[in-house]
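Report on the structure given below.
Protein chains: 4
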Amino acid sequence: MLGDIPRERAEFLARDYSRGFIRHCGFRAQTVKRGFFQSHVVISDHHRQQDGFVHAGVMATMADHTAGYAAFTTVSDDFQILTIEFKINFLRPAYGDALSCRATVIREGNKIIISESEVFDLRGNEEKLAAKALVTLMAVHRDELNSKGYSTRSQ
Amino acid sequence: MLGDIPRERAEFLARDYSRGFIRHCGFRAQTVKRGFFQSHVVISDHHRQQDGFVHAGVMATMADHTAGYAAFTTVSDDFQILTIEFKINFLRPAYGDALSCRATVIREGNKIIISESEVFDLRGNEEKLAAKALVTLMAVHRDELNSKGYSTRSQ
Amino acid sequence: MLGDIPRERAEFLARDYSRGFIRHCGFRAQTVKRGFFQSHVVISDHHRQQDGFVHAGVMATMADHTAGYAAFTTVSDDFQILTIEFKINFLRPAYGDALSCRATVIREGNKIIISESEVFDLRGNEEKLAAKALVTLMAVHRDELNSKGYSTRSQ
Amino acid sequence: MLGDIPRERAEFLARDYSRGFIRHCGFRAQTVKRGFFQSHVVISDHHRQQDGFVHAGVMATMADHTAGYAAFTTVSDDFQILTIEFKINFLRPAYGDALSCRATVIREGNKIIISESEVFDLRGNEEKLAAKALVTLMAVHRDELNSKGYSTRSQ
Numbered sequence: 390m391l392g393d394i395p396r397e398r399a400e401f402l403a404r405d406y407s408r409g410f411i412r413h414c415g416f417r418a419q420t421v422k423r424g425f426f427q428s429h430v431v432i433s434d435h436h437r438q439q440d441g442f443v444h445a446g447v448m449a450t451m452a453d454h455t456a457g458y459a460a461f462t463t464v465s466d467d468f469q470i471l472t473i474e475f476k477i478n479f480l481r482p483a484y485g486d487a488l489s490c491r492a493t494v495i496r497e498g499n500k501i502i503i504s505e506s507e508v509f510d511l512r513g514n515e516e517k518l519a520a521k522a523l524v525t526l527m528a529v530h531r532d533e534l535n536s537k538g539y540s541t542r543s544q
Numbered sequence: 390m391l392g393d394i395p396r397e398r399a400e401f402l403a404r405d406y407s408r409g410f411i412r413h414c415g416f417r418a419q420t421v422k423r424g425f426f427q428s429h430v431v432i433s434d435h436h437r438q439q440d441g442f443v444h445a446g447v448m449a450t451m452a453d454h455t456a457g458y459a460a461f462t463t464v465s466d467d468f469q470i471l472t473i474e475f476k477i478n479f480l481r482p483a484y485g486d487a488l489s490c491r492a493t494v495i496r497e498g499n500k501i502i503i504s505e506s507e508v509f510d511l512r513g514n515e516e517k518l519a520a521k522a523l524v525t526l527m528a529v530h531r532d533e534l535n536s537k538g539y540s541t542r543s544q
Numbered sequence: 390m391l392g393d394i395p396r397e398r399a400e401f402l403a404r405d406y407s408r409g410f411i412r413h414c415g416f417r418a419q420t421v422k423r424g425f426f427q428s429h430v431v432i433s434d435h436h437r438q439q440d441g442f443v444h445a446g447v448m449a450t451m452a453d454h455t456a457g458y459a460a461f462t463t464v465s466d467d468f469q470i471l472t473i474e475f476k477i478n479f480l481r482p483a484y485g486d487a488l489s490c491r492a493t494v495i496r497e498g499n500k501i502i503i504s505e506s507e508v509f510d511l512r513g514n515e516e517k518l519a520a521k522a523l524v525t526l527m528a529v530h531r532d533e534l535n536s537k538g539y540s541t542r543s544q
Numbered sequence: 390m391l392g393d394i395p396r397e398r399a400e401f402l403a404r405d406y407s408r409g410f411i412r413h414c415g416f417r418a419q420t421v422k423r424g425f426f427q428s429h430v431v432i433s434d435h436h437r438q439q440d441g442f443v444h445a446g447v448m449a450t451m452a453d454h455t456a457g458y459a460a461f462t463t464v465s466d467d468f469q470i471l472t473i474e475f476k477i478n479f480l481r482p483a484y485g486d487a488l489s490c491r492a493t494v495i496r497e498g499n500k501i502i503i504s505e506s507e508v509f510d511l512r513g514n515e516e517k518l519a520a521k522a523l524v525t526l527m528a529v530h531r532d533e534l535n536s537k538g539y540s541t542r543s544q
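Protein chains in written order, with this note's numbering: chain H, 390 to 544; chain R, 390 to 544; chain E, 390 to 544; chain C, 390 to 544.
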């Protein structure tokens, strides 16, 4: 399932990754392959929670968004990706200098796509798996999305 | 399970709610009762994703954090709350002016606490349920957290 | 969202509920309304696990299947329902004489449907919420299912 | 994390695996290592649902139970394992002659343990990943379990 995609498409997805909330969070794309997407963020104080650890919401957002872009690599460019749901387990607190997220499509589909995301806490020279997510996504044709006629999320 | 908590504790939790990443996201506490927490955010461009909808990560962060503070209302003030995991379903896209999140503890415990969060999209005078989450939390004594000896998330 | 469906359809779904693995588990339909389904099982030794409690798998199966039949009440009779995924929290051990499951559709759709299931442990005259699930389902037209051309689960 | 455990303990866990509901389902242990458990079931008509596919509840039960026994391999024999919650994605319908489930502990702990389960559909000579689950478990000392004093699931 892993492999190359056209360079132009990869560059577009890498740029497109960091918009709106994701830019606000400081996440950046790092590696783009067919069925795979890797992202990165340098941790600042505004990523932390009350105990000084990276907030669960930062890891959840990164896991969701990176999973979505992994799904984008498997569909043609007239499809948008929406998250139907996800579940994330936090395995250990993240307190390092940066996070890395690697998302892999584990089930392709022309409608429903399933990705898996792993969030790593980067601590100097080592990385520790901090969170793991299973993400269910839906590919929606751009026309359908614009017409508000799309089935899952209308109204 | 719902009911009053001391006013001082409620005010502390309401203030404490908006720190680090949550302040960065602009979420604010609104209502605090025993076993219940409600929060609110006015939506700006930096909360949106590539299609103009509120980013799933915004709703997930709000659902997680508000669930955690609902759990805080059920434990004494020497306990911290950590998220073990959560799952969230996105029911329809949110595109309104603000979000409201209501979290309710559905299972109290002196170790494991389960909360449920509902995120509503506020569109003028109406609100629509946009997302629903089930959140598993853990109460950890502050001493245990500081000693790094706590069981779930050490290392 | 709740309401009546044709009596014939309700009776068909009630009968259809208990086939294959579900009959093997002894689950029976109890109440059928539009967007709602309730089921019941009398607990025997073969529903328990090593500690004498009802097995988590019994509650998960009941939560999933009943959620699916709640979804069936919202689509026409030429659609089948498949489970895309579910998540279930076990709130307390079940050790009573019977279980009751109530599933409610919280998001209708002509493709993706979201249901919520609550499993109650019946202990003499009282019932206790033992588990709660969020279930993502997909409506697939019978022709599409038979042709193996359906998108999510082919191959 | 993977490795050997005493042969006696492995044999005990393999036997103990198939009791109550699990025996009723016909699941059997196959391979036991530290942090890993593999199980197997030959599919009969009573494992299927209305469309002839293996019922989601069969795969969910197998994923949960096998994850629990993977957790058992990481704790001493005076601890019991309870499932706090799990989430499972169904990737494609299972219609083969048998299922195989492989569960791996991805986070050890003396209280909270996280396992991951993969369920494979065995079709003649090939196997296909049919479902994937993330499972949150809790180790409870046998004395605590018996005294009903255990924190999460009391009452």
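All residues carry an ideal CB built from backbone N, CA and C; glycine is no exception.
Go ahead and label residue i buried or exposed: buried means 16 or more other beta carbons lie within 10 angstroms of its beta carbon, across all protein chains shown.
i, result
"aspartate 510/E", "buried"
"glycine 441/E", "exposed"
"arginine 396/E", "exposed"
"glutamate 497/R", "buried"
"serine 465/C", "exposed"
"arginine 437/E", "buried"
"glycine 392/C", "exposed"
"glutamate 400/E", "exposed"
"glycine 424/E", "buried"
"glutamate 515/R", "exposed"
Name the chain H residues whose beta carbon is nearer than 9 Å to that of residue i?
i, result
"glutamate 474/E", "Ile473, Glu474, Lys476, Ile503, Leu523 and Thr525"
"isoleucine 495/C", "Asn478, Leu480, Leu518 and Lys521"
"threonine 450/R", "His444, Ala445, Gly446, Val447, Ala449 and Thr450"
"glutamine 469/R", "Gln439 and Asp440"
Would you call the CB atoms of residue i and residue j closer than 7 Å?
i, j, result
"valine 494/H", "threonine 463/H", "yes"
"alanine 460/C", "serine 504/C", "yes"
"valine 443/R", "alanine 483/R", "yes"
"valine 421/H", "alanine 403/H", "yes"
"isoleucine 432/E", "alanine 487/E", "yes"
"isoleucine 473/R", "glycine 457/R", "no"
"histidine 413/R", "histidine 435/H", "yes"
"aspartate 467/H", "arginine 398/H", "no"
"phenylalanine 410/E", "glycine 446/C", "yes"
"alanine 449/C", "alanine 449/E", "yes"
According to DSSP, is residue i helix, strand or coil?
i, result
"leucine 534/E", "helix"
"leucine 480/C", "coil"
"threonine 455/H", "helix"
"arginine 417/C", "strand"
"arginine 412/R", "helix"
"aspartate 405/H", "helix"
"glycine 446/H", "helix"
"glutamate 516/R", "strand"
"aspartate 434/H", "helix"
"glutamate 400/C", "helix"
Can you list the residues of chain R that residue i reaches, using a CB-CB cut of under 9 Å?
i, result
"arginine 408/H", "Arg437, Gln438 and Gln439"
Under 9 Å Cβ-Cβ, which residues of chain E neighbour residue i?
i, result
"aspartate 405/C", "Gln439"
What residues of chain R sit near residue i, judged by a beta carbon separation below 7 Å?
i, result
"histidine 413/H", "His435"
List the residues of chain D that residue i touches, going by C-beta distances under 8 Å, in chain order.
i, result
"aspartate 453/E", "Of the chains in the structure shown, none is chain D; the protein chains are H, R, E and C."
For residue i, go through chain H and note every residue whose CB falls closer than 7 Å to its CB, in chain order.
i, result
"leucine 402/R", "Per Cβ cutoff of 7 Å: no residues; leucine 402/R is ~11 Å from chain H at best."
Strictly below 8 Å CB to CB, what residues from chain C border residue i?
i, result
"leucine 511/E", "Going along chain C, no residue has its Cβ under 8 Å from leucine 511/E, so there is no contact; the nearest lies around 15 Å."
How would you list, in chain order, the residues of chain E whose beta-carbon sits under 7 Å from the beta-carbon of residue i?
i, result
"leucine 534/C", "Asp440"
Worksheet item: Using 8 Å as the threshold, is the segment 517-526 of chain E in touch with the segment 466-484 of chain E, meaning 3 or more CB pairs across them?
Response: yes
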